[in-house]
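Student: With UniProt numbering applied, the sequence shown corresponds to residues 1 to 107, in that order. Glycine included, every Cβ here is placed at the ideal spot set by N, Cα and C. Since this is a predicted model, take the numbers as computed values, not measurements.
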Amino acid sequence: MSKSLPTHRRAWRRTDDYFKGSPKLKLVTEPLPLPLAPTAVLIKVHAVALNYRDSNISNGGNPWPVTPNGIIGNDAAGEVLAIGDKVDKFKLGDRVAPNTDTENLTG
Numbered sequence: 001m002s003k004s005l006p007t008h009r010r011a012w013r014r015t016d017d018y019f020k021g022s023p024k025l026k027l028v029t030e031p032l033p034l035p036l037a038p039t040a041v042l043i044k045v046h047a048v049a050l051n052y053r054d055s056n057i058s059n060g061g062n063p064w065p066v067t068p069n070g071i072i073g074n075d076a077a078g079e080v081l082a083i084g085d086k087v088d089k090f091k092l093g094d095r096v097a098p099n100t101d102t103e104n105l106t107g
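(1) Go ahead and label Asp-88 buried or exposed: buried means 16 or more other beta carbons lie within 10 angstroms of its beta carbon, across all protein chains shown.
(2) From Lys-24, Pro-68 and Leu-92, pick the residue whose C-alpha is nearest to that of Ile-83; which is it?
(3) According to DSSP, what are the bridge partners of Arg-14?
(4) What does the Cβ neighbour count give for Ser-4, buried or exposed, with the cut at 16 atoms within 10 Å?
(5) For Leu-32, which option in Pro-68, His-8 and Asn-59 has the closest C-alpha, if you only look at C-alpha atoms?
(6) Determine, using beta-carbon pairs with one atom in the stretch 56-63 and one in the stretch 33-42, whether at least three such pairs fall under 8 Å.
(7) Quick check on the burial criterion: 16 or more other C-beta atoms within 10 angstroms. Buried or exposed for Arg-14?
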């Protein structure tokens with residue numbers, strides 16, 4: 001019996017409203033980008049870590065441009081729920097810790 005995939009995700013998005021006293025983050029529920037792209041991996045996140053970089057991005061203090069209304073958090077741990085047709089290095093149920101910034105592998 002196969003599990004059905006979720007159709008929505010919850011995420012903390014930046015509001016990009018940096019006025020003093022304004023909320024900086026908003027919890028949103030939004031549709032998952034389905035169907036998966038051929039090289040995509042869908043991960044059920046079990047844990048995340050927020051670090052100084054995330055704080056800077058959330059408060060508008062990041063020294064480089066960021067995606068408007070982006071999702072904060074670059075560190076996570078979870079399990080693979082689904083894979084695209086061309087994915088061959090992961091399988092369903094694999095435990096993973098994704099690196100979402102492949103241009104900065106060393107931190």
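Tutor: Looking at the atomic coordinates:
(1) exposed
(2) Leu-92
(3) Leu-25
(4) exposed
(5) His-8
(6) no
(7) buried
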